Structure formats: C-alpha cells, structure tokens
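> Just so you know, the sequence shown maps onto residues 38 to 255 in this note's numbering.
Just so you know, even glycine gets a beta-carbon here, dropped at the ideal spot from N, CA and C.
Because the structure is a prediction, the values reported are computed rather than measured.
Provided herewith is a single structure, encoded as structure tokens, for subsequent inquiry.
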Amino acid sequence: MMAEMSFAEGFALLERRTKLASKVIWAVFVLSIATIFGDIFQAIGIVDFDAYDGPSPLSWLFLIAYLFYLLAFLISVVMVSMWIYRAHDNLRSAGVPELEFTPGWSVGWFFVPIMNLFKPFQAMKELWNASYGTSNAYGAQAPSSIGTWWAFWVVGTILGNVSFRMTMSGQETGISLGLILSALSGIFLAGAAWFLLRILREVLEGQRNHLQVQEAFA
C-alpha cells in the first residue's frame, strides 16, 4: 500500500506535474494547429497521401505532424490524469470537507461513456472551487475557464468522432466533409488545450495561496 502524502509533499509533486503536463499540452496545442492545416490542405487537394506517384514532401511533413500529434495527445492523457489525481488528493490531504469526487473517480469518469459528458466537468469544478476555498454547492457557478474548456472539449471530441466515421465511409463527398469537420474538431481541441493550460495554473495558484496558507496556520 502506498503511504499517504502530507499536503506539503503533495503540493510539491503537483508543482512538478503541472510543469510536465503544461509542456505536453503546449506540444498538443502546437501540433493540433499543424493538423488543422493538414486537414484543410487534404480537403482542397494540396496534400494527397494516396497520390499515384507517392506522397509529396509536404504530404510527408503533415503525416509526421499527425503522428507526433497522436503521440503527444496520448502522453497528455497520462500526464493530465496524473495531475488531476494529485490535485484532488491534495484536497483530502488538506482536510477539505464534503468532497463528492475521489481522486480515482475524478479521472475515471473520463472513460465512462455518457457519464464522461458531464462528470469530469463537475469533478474539475469541485477541484477548482475547493482549491480556492469557495462553495461547490449545487448550482454554484463554474469558473469561466472550466466552462469554456469543457465546452471546447466536448464539441471537439464529438466533431472528431463524426469526422472519423465520415472519412472511413470511402465516399468522396463523405471524406471531404469529414476532413472539414476534422479541421473544426482540431480548432475546438486546440482551444480546449489552451484553456486547460490556464486551469492547471489556476488550480496550482489556488492551492498555493489558499490551501498551503491554511495548512501553515492549522
């Protein structure tokens, strides 16, 4: 069994994870911009991975960008999950009462169909509010950064799923429309990454300025 951390130890770990997760999210943001252009260029015929004489150098460049984006995204899933777990666990180490979400389920809800449309938002809202010592009662308003992040994330993932189905249809019209939807998905997911970076900083500052001070005077 893993020994429980004190809040001071947990906060130090959260600082390190914030730095690492932020770097990976920045990579996702930059690479997502590249994939947006890749989708647009495919839709208008500038980039063609199935060209008779083989992919052009520009096509290879975007193919590499897609591969690096996928790798960065997968790493970001792991890093952000670890960050969320640590940030939520710090709330318990600091003695914050009446928490609805455990550290495990604050991450786990992302992977439960249907529930992942709203539960992760509620868990992140609780994390932000508790980190700043504000009420998370039913009906309490979510910080603008969290509401915007979640709206961008949900719309981006839905568009991404629809675009994938359309591009796999094999029909030329469906593929072209799918690429346009994929570009739109990339725009929303890039926006989600941008606001997630802001949330990481805000939660860290909240725990530093509220929970850490509270712990010092406990």
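According to the neighbour-count rule (16 or more other Cβ atoms, all chains shown, within 10 Å of its Cβ), is Thr204 buried or exposed?
In the sequence shown, residue 204 corresponds to position 167, counting from 1. Flag for Thr204 reads buried.
> For the alpha helix (DSSP H) that Val133 lies in, which residues bound it at each end?
Locating residue 133 in the sequence shown gives position 96, counting from the first residue. Looking at the DSSP string, Val133 is not in any alpha helix (DSSP H), and its letter there is neither H nor E.
> Going by alpha carbons, who is nearest to Tyr169 out of His125, Val144 and Leu196?
Taking the first residue of the sequence shown as 1, we reach residue 169 at position 132. For Tyr169, the nearest C-alpha among the options comes from His125.
> Does Val144 come out as helix, strand or coil in the three-state DSSP assignment?
On the sequence shown, position 107 is the one that residue 144 refers to. DSSP places Val144 in helix when its eight states are reduced to three.
> Per the contact definition of three or more C-beta pairs closer than 8 Å, is the stretch 61-78 in contact with the stretch 93-104?
With a cut-off of 8 Å, the stretch 61-78 and the stretch 93-104 count as touching, because enough Cβ pairs lie within range.
> What's the C-alpha gap between Thr194 and Val133?
Position 157 of the sequence shown, counted from the start, is the residue given in the question as residue 194. Position 96 of the sequence shown, counted from the start, is the residue given in the question as residue 133. Those two C-alpha atoms are separated by around 33 Å.
> Enumerated in chain order, which unbroken segments of the alpha helix (DSSP H) with a length of 4 residues or greater are wholly contained in the stretch 141-214?
Runs of the alpha helix (DSSP H) inside the stretch 141-214: 156-169 and 181-204.
> Which whole runs of the beta strand (DSSP E) in the stretch 45-118 are 3 residues long or more, in chain order?
Listed in chain order, there is nothing to give.
> Cα-Cα, which of Leu218, Ser182, Arg238 and Asn127 is closest to Met42?
The sequence position of residue 42 within the sequence shown is 5, counting from 1. Among Leu218, Ser182, Arg238 and Asn127, the Cα nearest to that of Met42 is on Asn127.
> Considering only residues of the same chain and omitting the five flanking positions on each side of Arg123, which have a CB-CB separation below 6 Å?
As a working mapping, residue 123 is identified with position 86 in the sequence shown. Counting only Cβ-Cβ distances below 6 Å, and skipping sequence neighbours, we find Leu50, Leu51 and Arg54.
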